[in-house]
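Worksheet: one structure, shown below.
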Amino acid sequence: MADTGRDAFPDEAEPAFTLDEYMEDIEAVELEADLVLGGDEGKECTYAGGYLKRQAVFSCLTCVPDGVAGVCTACSLACHDGHEIPRDEEGEPLYEELICHKCSSVCHFLKLYPDTIWASGKPNLAVETDASDSNVMKKPSGHADPEKHENGALVDNTVGEKTSVENDSTKAIAVPEEANLGSSSGNNCKLGVDVNTMPAITDKSEPFFMSKGWRETLCRCETCFNFYAQRGIAYLIDKEDSIEEYEKIAKQKREMKLEQQQGAETNFLNSLNHVQKIEMISGINDMKNEFQSFLESFDASKPVTSDDIHSFFENLAKKKKQRLS
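53 is the number that the UniProt record's numbering gives to position 53 of the sequence shown; each next residue is one higher, with no gaps.
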């Protein structure tokens, strides 16, 4: 005998999941949102608070097509809801641990460091704007993944040849091996070269994708420290400005919020007298039993209609009335 339920809905093969799995998925989504937003619920504009070391900033292509301005979370929700924001090839917003193309010129000294500071599987010159779609970012065709190196040379998979990883800006400076990068203090520089002697940049500036914890690799000797300060990038060695610290604060805010919610629920239960508590427990049990009966008696081959929902709550109200009378 044919399965009438399956025949009635041949295209509705939705995956089944438990309530616990559903709640875990909701928790994961909420945690991801809190990490991106830094625990900011978007209730108040941050402009009046002045400079912040790090916050979620959104670019609006609808209001500012060239993307030179940013808005906080609250303004993105209140003033720019439904507007267009830059996205990658997969359609996801461009939120990565990166140095944007505007800052890459002043941070060009990072090319003196080994490949370990670059994001795994991404080139150090990571993206460029697609000429056909200004909202989509893609990898430049002239760069391969930094992991594909052999004896200091970059392998070109398309032609099977090797090309030097050094560009015009760094040819004159010897890049030390990773094993030689020790701790830096005083005048002991990790790089072993004076970053102030680095040639001026002549090529096109593009954003850099960085690996997790890359800031810890940066040299903190006196020469490099002065170099950061003179160029206004001393925040790179500020631990509180890192994405790790940003996410840590976000997790702390989330824990505080969850504790407040649990506290509010506990306070509500404590505010009820004995009779009210019994009524609430009875109502929950009635809801559970009625819902179970509804599912057992319902024909799986038919869709759930608004009449079915109204009938469910009418039966629930009748049972409550009988119990109280």
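No residue lacks a Cβ here, since even glycine has one placed at the ideal position from N, Cα and C.
Taking the alpha-carbon positions, what's the residue i to residue j distance?
| i | j | result |
| --- | --- | --- |
| Val57 | Leu37 | 9 Å |
| Gln230 | Ser105 | 14 Å |
| Gly152 | Val193 | In this prediction, Gly152 scores a pLDDT of 33, lower than 50, which makes its location untrustworthy; the coordinate-derived value is nonetheless stated afterwards. So the two alpha carbons sit approximately 19 Å from each other. |
| Thr197 | Pro114 | 18 Å |
| Ala172 | Lys239 | Its pLDDT being 39, under 50, Ala172 is placed unreliably by the model, and the measurement read from it follows with that caveat. Their backbone Cα atoms lie some 32 Å apart in a straight line. |
| Glu41 | Leu61 | 23 Å |
| Gln260 | Phe298 | 40 Å |
| Ser306 | Gln292 | 18 Å |
| Tyr22 | Ala28 | 10 Å |
| Glu222 | Glu216 | 16 Å |
| Thr266 | Asn273 | 13 Å |
| Tyr47 | Cys75 | 10 Å |
| Ala212 | Leu218 | According to the sequence displayed, residue 212 carries Lys and not Ala. Those two C-alpha atoms are separated by around 13 Å. |
| Leu191 | Asp20 | 51 Å |
| Ser301 | Gly50 | 60 Å |
| Glu24 | Glu32 | 12 Å |
| Pro303 | Ala317 | 23 Å |
| Glu44 | Ile309 | 39 Å |
| Lys288 | Gly82 | 39 Å |
Under a three-way DSSP split, which group does residue i fall into?
| i | result |
| --- | --- |
| Ile233 | coil |
| Phe209 | strand |
| Val57 | coil |
| Val71 | strand |
| Asn270 | helix |
| Thr305 | coil |
Under a Cβ-count criterion, where at least 16 other Cβ atoms within 10 Å of its own Cβ denotes burial, should residue i be classed as buried or exposed?
| i | result |
| --- | --- |
| Leu52 | exposed |
| Asp34 | buried |
| Val71 | buried |
| Ile99 | buried |
| Ala250 | buried |
| Tyr235 | exposed |
| Leu269 | exposed |
| Ser59 | buried |
| Cys189 | buried |
| Phe208 | buried |
| Asp133 | Because the pLDDT of Asp133 is 40, which lies under 50, any placement of that residue in the model is unreliable, and the number read from its coordinates should be weighed accordingly. With fewer than 16 other Cβ atoms within 10 Å, it is exposed. |
| Ala174 | In this predicted model, Ala174 has a pLDDT of only 40, less than 50, meaning its place in the structure is not dependable; the value taken from the coordinates is given anyway. Burial call: exposed. |
Just to check my reading of the structure: residue i and residue j have Cβ atoms closer than 8 Å, yes? What is that Cβ distance to the nearest angstrom?
| i | j | result |
| --- | --- | --- |
| Asn315 | Glu296 | Actually they are not in contact, since the Cβ atoms of Asn315 and Glu296 sit about 13 Å apart, beyond 8 Å. |
| Met256 | Ile117 | Actually they do not touch by this definition, with Cβ atoms about 33 Å apart. |
| Gly39 | Lys253 | 3 Å |
| Val195 | Leu112 | 7 Å |
| Ser282 | Arg323 | 7 Å |
| Phe312 | Phe294 | 5 Å |
Are residue i and residue j closer than 9 Å when you measure CB to CB?
| i | j | result |
| --- | --- | --- |
| Ile237 | Arg220 | yes |
| Asp286 | Lys319 | yes |
| Phe227 | Phe109 | yes |
| Ile233 | Cys107 | yes |
| Glu245 | Arg54 | yes |
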